[in-house]
């Protein structure tokens, strides 16, 4: 096993991480199919509201969600932390699970916030699985309401490749964590030793209208469609992500308005540093999230024409 490949991923997860002092103002958003999702608003003074979307089996309390919210609030921005369908008890039960292709859910959050705060520009931030959802929306595959800009972090743009890697070697540690959380959350009748690729085939795909896990992967991977993205977007990945191949990022046909940065080291949502950053910690992800947001806002504010 190559320990260095997993160092950033595991260390970032197990180190203590700051949390928001308040949950935020809860909003329930009814989706077009009748399901609901919950989000928590922290009001700021700037012209921007940033929506944060968690990864697979995560939620609004995930360490990366909380830290990013704290950093963006400190810069004066409004922040909306979103729990996907089926995650937040306050939103009630759902008919269908969330998955990597539900760009329409991201779209409806953006639409809701545009009505709630019409004077503010909208930025969507997708971590891991939600990154693919955001890219899927931006590429015009699902949903109609687009943000003014977006940031994605370690998005699985090739779903099949990611699922295969999760089932191999030490990656089974991550795979089992995802599977057991999904089984618990949705009361899935599968073995706790199943692989995510089996859960997608037996649960996610049929409940979401796909014939198979393979069809789900083929239809919902954003990689074949990213050339259609038209809004300013910051895309971040890591060469040593244990289960998301950086090669897919190099092969994708990114348009000029999408800035892609593949970091040599970082793991999956890790990016630990040898020395302390400007925030007094060793979490490179924090620095990257602030840098990407600042870059994105500068691009959004460039006069058109």
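In this note's numbering, the protein residues as written are 1 to 305. Backbone N, C-alpha and C define an ideal beta-carbon position, used for all residues, glycine too. Model, not experiment: these values are computed from the prediction.
Applying the 10 Å Cβ sphere with the 16-neighbour rule, what's the burial state of residue i?
{"i": "residue 222", "result": "buried"}
{"i": "residue 292", "result": "buried"}
{"i": "residue 275", "result": "exposed"}
{"i": "residue 257", "result": "exposed"}
{"i": "residue 173", "result": "exposed"}
{"i": "residue 104", "result": "buried"}
{"i": "residue 139", "result": "buried"}
{"i": "residue 231", "result": "buried"}
{"i": "residue 122", "result": "buried"}
{"i": "residue 302", "result": "exposed"}
{"i": "residue 298", "result": "exposed"}
{"i": "residue 286", "result": "buried"}
{"i": "residue 76", "result": "exposed"}
{"i": "residue 234", "result": "buried"}
{"i": "residue 250", "result": "exposed"}
{"i": "residue 16", "result": "exposed"}
{"i": "residue 21", "result": "exposed"}
{"i": "residue 147", "result": "buried"}
{"i": "residue 67", "result": "buried"}
Could you check the C-alpha separation between residue i and residue j for me, to the nearest Å?
{"i": "residue 289", "j": "residue 90", "result": "29 Å"}
{"i": "residue 196", "j": "residue 281", "result": "33 Å"}
{"i": "residue 61", "j": "residue 80", "result": "12 Å"}
{"i": "residue 168", "j": "residue 108", "result": "36 Å"}
{"i": "residue 134", "j": "residue 101", "result": "9 Å"}
{"i": "residue 240", "j": "residue 33", "result": "38 Å"}
{"i": "residue 116", "j": "residue 19", "result": "26 Å"}
{"i": "residue 237", "j": "residue 27", "result": "31 Å"}
{"i": "residue 43", "j": "residue 220", "result": "33 Å"}
{"i": "residue 14", "j": "residue 270", "result": "11 Å"}
{"i": "residue 199", "j": "residue 161", "result": "15 Å"}
{"i": "residue 214", "j": "residue 202", "result": "11 Å"}
{"i": "residue 283", "j": "residue 183", "result": "31 Å"}
{"i": "residue 260", "j": "residue 151", "result": "10 Å"}
{"i": "residue 73", "j": "residue 255", "result": "30 Å"}
{"i": "residue 188", "j": "residue 29", "result": "25 Å"}
{"i": "residue 308", "j": "residue 212", "result": "Because the chain spans 1 through 305 in this model, residue 308 falls outside it and cannot be assessed."}
{"i": "residue 94", "j": "residue 57", "result": "15 Å"}
{"i": "residue 180", "j": "residue 192", "result": "6 Å"}
{"i": "residue 38", "j": "residue 55", "result": "15 Å"}
{"i": "residue 204", "j": "residue 300", "result": "36 Å"}
{"i": "residue 45", "j": "residue 78", "result": "7 Å"}
{"i": "residue 242", "j": "residue 41", "result": "33 Å"}
{"i": "residue 143", "j": "residue 245", "result": "27 Å"}
{"i": "residue 11", "j": "residue 52", "result": "22 Å"}
{"i": "residue 262", "j": "residue 294", "result": "18 Å"}
Taking the alpha helix (DSSP H) that residue i falls in, what are its first and last residues?
{"i": "residue 227", "result": "No alpha helix (DSSP H) holds residue 227; DSSP gives it neither H nor E."}
{"i": "residue 306", "result": "Residue 306 lies beyond the residue range present for the chain, which begins at 1 and ends at 305; the question has no answer from this structure."}
{"i": "residue 246", "result": "246-251"}
{"i": "residue 219", "result": "213-220"}
Quick check on the DSSP output: the beta strand (DSSP E) that includes residue i runs from which residue to which?
{"i": "residue 27", "result": "25-30"}
{"i": "residue 236", "result": "233-238"}
{"i": "residue 263", "result": "258-263"}
Between residue i and the ligand COA, is the CB less than 8 Å from at least one heavy atom?
{"i": "residue 199", "result": "The ligand COA is not part of this structure, which contains no ligands at all."}
Original post:
Which runs of the beta strand (DSSP E) fall wholly inside the region 82-163 and span at least 3 residues, in chain order?
Top reply: 121-127 and 149-153
Original post:
Of all the alpha helix (DSSP H) runs that stay within the bounds of the region 8-73, which reach a length of 4 or more residues?
Top reply: none
Subject >> Three-pair Cβ contact test at 8 Å for the region 120-139 versus the region 55-69 >> reply: yes
**OP:** Just list the alpha helix (DSSP H) runs in the region 163-199, keeping only unbroken ones of 4 residues or longer that don't cross its boundaries, in chain order.
**Re:** 172-186 and 196-199
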